[in-house]
Amino acid sequence: MKRLFHYIGMLVGTALLLTGCQTDADMTTMSRQGDCVLTATATEADITLENYQTPVLQLVWTMPEWYSNDQDRKAVGQLTKSIIQVATDETFDTYVEVETNGLSKTFTAGNLNALAKSLKLEVGQKATLYFRIQCLAGGNIDVYSNPCSISITPIYIEMKQMEVLDKDKMNIIGHLSSPEENGIYTGYMKASAWLNCWFQESDGNIWGNEPQNGHAFQLSNDATAWNCWFADAKGVSNHWFVQVDVNKKEWTATNIFQLKVNDIELDFNTENGQWQKVVDLTGVSELTFTATAKQFDKETTDVPETDRVIDVNFGAEDGKLIRNGSSKVAVSGSGNHTIKVNIDDEGNYIYTIEEGITIPVEEVFPLPAELKIYNQDKTTLLTTLTHKADGLYEGDLNVTAGWMNFWIVDEENNITYGCPPDNARANEISKADDHWNFWIPSGTTGVYKIEANLKTKKWTATWTADLPNPGPTQPTKLELYGDPDWSTPTATLVKTSDGIYEAEVTISADGNFKVVEGSTWYGCDPSDNSKLSSAEGNWNIWLTAGTYNFRVDWNNMTWSATPK
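Basically the working numbering = 1-based index in the sequence shown + 495.
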């Protein structure tokens, strides 16, 4: 109570200062109603690997309220914030804090084990954790609850590895490591644009994305979390350096789009997913690996592409490239050597230097002036892609149905391109014998901008507009009926080009006429005589005696009669 009276005294003193020109009757005073009372659902909990994700403790507490004697401001209201403090003894001289929203908090066995680790409790030794609530009002008034305690025996779980799971949490698609077990995991993995994933620690804790728009690369382990996703780096390779920091609840993905050894640029082979190059090492004693990359994190979600570009220097150790290292690779020998860089199953960036030429020498073809897109059986030309610059081809494709299948064909070099036989690499371009056709997934029809890059071996499809109005169905022929005999056609109009119908017509006397398609009679639109209309109230077409080239444009439903 001494602490309480101290704060009430401070409040009263402040009120006196603020109301020094008022009478005692006008002075505002503060009082508290209720206490901060904490209760716990358990006094002891087991911690095992089997129950690590199981709730074992719930804390529930009440909040006091502050009141003013001013009738116009009677209730100051409930205290605005509460913080859980956890310590190893009742003095709370040393404690860790757990923030919370609301009046309760549930802890799993894993949560308690993590608190024990933060407080440096010894593994395998029974100990007690003490909890209390710090109730805050306005940042300068606090009240503490009664303490509650729970007995636990901390266990050791090696937290050196993190698995990257696919979007369904069924398959492992990557590995990250934390040698110091400090909650920061790093490693390399392969990922296509917009690949969805989750991050799972060795204790079973699964991290996804904060479930709010505008919070990309921010982590959450709540049940409502979204999956994380890789951005479209628009780069050559699918090699990524990934860092997950569960302490800061954020992650970073860095795409390596250029790799060099001694300033010689390596080629990325999309067929086997590795960097490779044949290099003449005559007179060379050491190699230095460097890279250019694009970094994606919570700070760069909306910045220009150029602002994401970073340079990376690699060191080398036991056949692995070490990010931000400085050690070089010593080499001996001369002549051609094949250098390869890839990602192993443990998430390491590994390199090999092999004597001679150990990779197929890919035939180099000149870039064609254009690429053609054909349907799945290659019988119908759908569109043409024109060469814009540096291997990039663009064009519009009308997608009339979902799962539209097609091929991209270089007719100048007789090459048919598809994608590698792997759903995760559907945005890549391949000319291998086992490639699949490209496809537009089931979804919105419309006009798509197709971009295909023969240098980066990537392609994209971007919806740009609705499909154009196809207009009326084109008939095989049209007929002209009119005076003086409406029972037989005056002339038959034949199709001379797309939607264009023509005939030479000789009119012996002035008269009225109409264009007939099947059983539909077309006159001219009263609001525009050059337009054809089958609507009720349309006018007859008036022609004077003479010979005409009578023409109908079915694309825009117009007619004309040009004297000959």
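Quick reminder that beta carbons are idealized off the backbone N, C-alpha and C, glycines included.
Taking the runs of the beta strand (DSSP E) that are 3 residues or longer, which of them lie wholly in the region 876-935?
-> Those beta strand (DSSP E) runs which fall completely within the region 876-935 and span 3+ residues are 876-884, 887-894, 899-905, 910-912, 933-935.
Cα-Cα separation, THR991 to TYR1043 | Here residue 991 is taken as the residue at index 496 of the sequence shown, counted from 1. Here residue 1043 is taken as the residue at index 548 of the sequence shown, counted from 1. Cα to Cα, THR991 sits roughly 16 angstroms from TYR1043.
If you draw a straight line from the C-alpha of VAL593 to the C-alpha of ILE579, how long is it?
-> Within the sequence shown, the letter at position 98 stands for residue 593. Within the sequence shown, the letter at position 84 stands for residue 579. Their backbone Cα atoms lie some 5 angstroms apart in a straight line.
Among GLN629, LYS612, GLY682, LEU671, which has the Cα closest to the Cα of PRO649?
-> One-based indexing of the sequence shown puts residue 649 at position 154. The option with the nearest alpha carbon to PRO649 is LYS612.
Note the first and the last residue of the continuous alpha helix (DSSP H) segment covering ALA611.
-> Here residue 611 refers to the residue found at position 116 when the sequence shown is read from its first residue. First-last of the alpha helix (DSSP H) with ALA611: 604-613.
What are the boundary residues of the beta strand (DSSP E) that MET657 is part of?
-> Stepping through the sequence shown from its first residue, residue 657 is reached at position 162. Taken as a continuous stretch (DSSP letters only), the beta strand (DSSP E) holding MET657 covers 656-661.
Which residues in the same chain have their Cβ closer than 8 angstroms to the Cβ of THR1053, if we skip the five residues on either side of it in sequence?
-> To locate residue 1053, count along the sequence shown from 1; it is residue 558. Excluding residues up to 5 positions away in sequence, SER1025, LYS1026, LEU1027, VAL1047 lie with their Cβ nearer than 8 angstroms to the Cβ of THR1053 in the same chain.
Would you kindly work out how many angstroms separate the C-alpha atoms of ALA540 and LYS662, rounded to a whole number?
-> Taking the first residue of the sequence shown as 1, we reach residue 540 at position 45. Taking the first residue of the sequence shown as 1, we reach residue 662 at position 167. One Cα belongs to ALA540, the other to LYS662, and the distance between them is close to 33 angstroms.
Is the Cβ-Cβ distance between TRP958 and TRP934 less than 7 angstroms?
-> Locating residue 958 in the sequence shown gives position 463, counting from the first residue. Locating residue 934 in the sequence shown gives position 439, counting from the first residue. Their beta carbons are not under 7 angstroms apart, which means TRP958 does not touch TRP934 by this criterion.
Exposure of GLN517, with buried meaning 16 or more beta-carbon neighbours within 10 Å | Indexing the sequence shown from 1 puts residue 517 at position 22. Residue placement at GLN517 is poorly supported in this model, since its pLDDT is 48, which falls under 50; the coordinates are not used for a value here.
Which word fits TYR651, buried or exposed, when buried means at least 16 other C-beta atoms lie within 10 angstroms of its C-beta?
-> Translated into the one-based positions of the sequence shown, residue 651 becomes position 156. Result: exposed.
Alpha-carbon spacing of ILE852 relative to VAL773, whole angstroms | Taking the first residue of the sequence shown as 1, we reach residue 852 at position 357. Taking the first residue of the sequence shown as 1, we reach residue 773 at position 278. ILE852 and VAL773 have their C-alpha atoms some 6 angstroms from each other.
What do you get for TRP1049, buried or exposed, if any count of 16 or more other CB atoms within 10 angstroms of its CB means buried?
-> Position 554 of the sequence shown, counted from the first residue, corresponds to residue 1049. So TRP1049 counts as buried.
Which whole-angstrom value describes the C-beta separation of VAL638 and PRO706, a residue pair presumed to lie in contact below a C-beta threshold of 8 angstroms?
-> Translated into positions along the sequence shown, residue 638 becomes position 143. Translated into positions along the sequence shown, residue 706 becomes position 211. Actually they are not in contact, since the Cβ atoms of VAL638 and PRO706 sit about 33 angstroms apart, beyond 8 angstroms.
In this structure, does DSSP put CYS516 in helix, strand or coil?
-> The residue you call residue 516 lines up with position 21 of the sequence shown. Per-residue confidence for CYS516 stands at a pLDDT of 44, beneath the threshold of 50, marking its modelled position as unreliable; no derived number is given.
On a CA-only basis, which of LYS729, ASN831, PHE626 is nearest GLU459? Give me that one, please.
-> Shown here, the chain extends from 496 to 1059; a query on residue 459 therefore has no answer.
Take the Cβ of TRP689 as the centre, count every other Cβ of all protein chains shown within 10 Å, and call the residue buried at 16 or more, exposed below.
-> Taking the first residue of the sequence shown as position 1, residue 689 is located at position 194. By the 16-neighbour rule on beta-carbons within 10 angstroms, TRP689 is exposed.
Give the DSSP-derived three-state secondary structure of ASP758 in the structure shown.
-> Counting from 1 along the sequence shown, the entry for residue 758 is found at position 263. Coil, per DSSP.
How big is the Cα-Cα spacing for GLU585 and LYS789?
-> Within the sequence shown, the letter at position 90 stands for residue 585. Within the sequence shown, the letter at position 294 stands for residue 789. C-alpha separation (whole angstroms): 50 angstroms.
Going by alpha carbons, who is nearest to PHE1008 out of LEU714, SER644, THR985, GLU999?
-> Counting from 1 along the sequence shown, the entry for residue 1008 is found at position 513. Just measuring C-alpha positions, the residue of LEU714, SER644, THR985, GLU999 sitting nearest PHE1008 is THR985.
Is the beta carbon of ASN733 sitting closer than 7 angstroms to the one on SER687?
-> Counted from its first residue, the sequence shown places residue 733 at position 238. Counted from its first residue, the sequence shown places residue 687 at position 192. It is a contact, given that the beta carbons lie within the stated cut-off.
Pairing CB atoms from the region 708-715 with CB atoms from the region 780-797, are three or more of them under 8 angstroms?
-> As far as the Cβ criterion goes, the region 708-715 touches the region 780-797, which means the pair count is three or higher.
Euclidean distance between Cα positions of GLU653 and GLY768 | By one-based count along the sequence shown, residue 653 stands at place 158. By one-based count along the sequence shown, residue 768 stands at place 273. Cα to Cα, the separation comes out at about 32 angstroms.
Could you spell out where the beta strand (DSSP E) holding CYS643 opens and where it closes?
-> Here residue 643 refers to the residue found at position 148 of the sequence shown. For CYS643, the enclosing beta strand (DSSP E) stretches over residues 643-647.
Decide yes or no for the touch test of the region 893-908 against the region 745-755: beta carbon pairs closer than 8 angstroms, at least 3 of them.
-> No, they do not touch.
Length-filtered (3 minimum) beta strand (DSSP E) runs lying within the region 957-1015 | Counting only runs of 3 or more, we get 972-977, 986-992, 995-1002, 1006-1012.
Could you give the DSSP three-state label for GLU781: helix, strand or coil?
-> Working through the sequence shown from its first residue, we reach residue 781 at position 286. Strand.
Could you give the DSSP three-state label for ASP717: helix, strand or coil?
-> Against the sequence shown, residue 717 aligns to sequence position 222. Three-state result, ASP717: coil.
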